[in-house]
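Visitor:
Numbering (this note's numbering), first residue to last: 3 to 155.
1) With 16 other CB atoms within 10 Å as the buried threshold, where does residue 64 fall?
2) I'd like the span of the alpha helix (DSSP H) that includes residue 122, first residue to last.
3) Under a three-way DSSP split, which group does residue 20 fall into?
4) If I measure Cβ to Cβ from residue 19 and keep anything under 7 Å in the same chain, skipping five residues before and after, which residues do I get?
5) Give me the Cα-Cα distance between residue 29 and residue 44, rounded to the nearest whole angstrom.
6) Let's test the definition: count the other Cβ atoms within 10 Å of the Cβ of residue 70 and tell me whether it reaches 16, buried, or not, exposed.
7) How would you call residue 124, buried or exposed, if buried means at least 16 neighbouring beta carbons within 10 angstroms?
8) Can you tell me where the alpha helix (DSSP H) with residue 14 in it begins and where it stops?
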C-alpha cells in the first residue's frame, strides 16, 4: 500500500510516517519503480502501535524501546517497568497541573471581574503578587518530542 493508504489504515499522518522513518523509529519503506513508498501490513501494525503509545503520552525514546520489546517478544517485566516509570511521571505532571489550577482558581475567585483596574490575577502575573506554583516539569526529551510532533504534523 502507498503512504496515503498506510496513513489511513494506521491513523498516523503521512507527514508523521515520514518523520518516524527519518528518525529510524520505523524502517524506511520499500519503493516502487516509480519511487513511491510501499508499506506492508507489518509496517501498518507498527505505525498503529506507535500511534497508540503516543496516545498514552510516551516520549519517543520510550516508544522506540517499546517497539523493540514488542517486536522482540521480550518478557513483560521490562514493559511493565517502562509503563510504571511513565505513570510516575504522569503523576508528577498531574500534581503540578493541579497546583497551577488551584492557584489560578484562587486568583480568579479574588478578582472582582468588574470595572475596577485592580486584579489579583494581573498582579500575580506581573510578579508583584505572591509566587506562582511551579510549572509541571517536562524533561528535555519530552519537550523535544512534543516539538517534533507539533512541527511534523
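Virtual Cβ for every residue (Gly too), placed ideally from N, Cα, C.
Guide: In short, the structure shows the following:
1) Classification of residue 64: buried, given that the 10 Å Cβ count is 16 or more.
2) First-last of the alpha helix (DSSP H) with residue 122: 122-127.
3) In the structure shown, residue 20 adopts helical secondary structure according to DSSP, grouped into three states.
4) Excluding positions up to five away in sequence, the list reads 5, 8, 9 and 49.
5) If I take the Cα positions, the gap works out to 11 Å.
6) Classified as exposed, residue 70 has fewer than 16 neighbouring CB atoms from the shown chains inside 10 Å of its CB.
7) Only exposed fits residue 124, as fewer than 16 other CB atoms lie within 10 angstroms of its CB.
8) Note, residue 14: premise wrong, no alpha helix (DSSP H); not H, not E.
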